[in-house]
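Engineer:
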Amino acid sequence: MELPSLSGQESDNIVLLLMSLPHPSADVVKSIEGAIKWFQKSEIKGIQKEYFTNSDGKKDYRMVPCEDCPTLWARFYDLETNRPFFCDRDGIKKYDISEIGHERRNGYSWYNKDGSKVLKRYEKWKKEQNK
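Here's what the structure looks like:
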């Protein structure tokens, strides 16, 4: 079950599509600028996946602190707080990925790096708009 949220995964391709428009309207430009601000404020730094074999002998992962690791974005962010959240099929919101079951934790893309391609493309797009 997917709960209402802001999405760090689905939003990236929408913003890239908007930046591909040849002559964006003022409303589109405003939407892009707003999305970029959201991607910037929603960055998750200092953690990465660490894979391990759990007590049931299954491949699993946990998020661990790191230095100099790529910036991440969560799949879902709370609409009111912008805090990343996770959930099992029961739809109960959790704020720590270790609180959801193995099947959902490993069968769903909870973190991604796709926001970085949006921010990178934005720099080029912004220069093109200022010509």
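The sequence shown begins at 1436 in the numbering used here and counts up one residue at a time.
Cβ coordinates follow ideal geometry from the N, Cα and C atoms, glycine included.
Would you kindly report the start and end of the unbroken alpha helix (DSSP H) that includes K1493?
Structural biologist: For the purposes of this step, residue 1493 is taken as residue 58 along the sequence shown, with counting starting at 1. Neither: K1493 is in no alpha helix (DSSP H) and is coded neither H nor E.
Engineer: At what residues does the alpha helix (DSSP H) containing Q1444 begin and finish?
Structural biologist: For the purposes of this step, residue 1444 is taken as the residue at position 9 of the sequence shown. Neither: Q1444 is in no alpha helix (DSSP H) and is coded neither H nor E.
Engineer: How far does the alpha helix (DSSP H) with Y1543 in it extend, from its first residue to its last?
Structural biologist: Indexing the sequence shown from 1 puts residue 1543 at position 108. First-last for Y1543: undefined, no H or E at that position.
Engineer: How many angstroms separate the CA atom of Q1483 from the CA atom of R1510?
Structural biologist: To locate residue 1483, count along the sequence shown from 1; it is residue 48. To locate residue 1510, count along the sequence shown from 1; it is residue 75. If I take the Cα positions, the gap works out to 15 Å.
Engineer: Name the one or two DSSP bridge partners that T1506 has.
Structural biologist: Within the sequence shown, numbered from 1, the residue matching residue 1506 stands at position 71. Beta-bridge pairing links T1506 to no other residue.
Engineer: Tell me the rounded alpha-carbon separation between K1494 and L1456.
Structural biologist: In the sequence shown, counting from the first residue as 1, residue 1494 sits at position 59. In the sequence shown, counting from the first residue as 1, residue 1456 sits at position 21. Rounded to the nearest angstrom, the two C-alpha atoms are 43 Å apart.
Engineer: What is the rounded straight-line gap between the Cα of D1531 and the Cα of S1442?
Structural biologist: Position 96 of the sequence shown, counting from 1, holds the residue named residue 1531. Position 7 of the sequence shown, counting from 1, holds the residue named residue 1442. Taking the straight line from one Cα to the other gives about 17 Å.
Engineer: May I ask you to check if the CB of E1515 is nearer than 7 Å to at least one heavy atom of the ligand FMN?
Structural biologist: With respect to small molecules bound, the structure shown includes none, and the ligand FMN cannot be examined in it.
Engineer: Using only the alpha-carbon positions, how far apart do C1501 and S1440 sit?
Structural biologist: As a position in the sequence shown, residue 1501 is number 66, starting the count at 1. As a position in the sequence shown, residue 1440 is number 5, starting the count at 1. So the two alpha carbons sit approximately 27 Å from each other.
Engineer: Would you check if the distance between the CB atom of M1454 and the CB atom of R1518 is smaller than 8 Å?
Structural biologist: Here residue 1454 corresponds to residue number 19 of the sequence shown, with the count starting at 1. Here residue 1518 corresponds to residue number 83 of the sequence shown, with the count starting at 1. It is not a contact, given that the beta carbons lie outside the stated cut-off.
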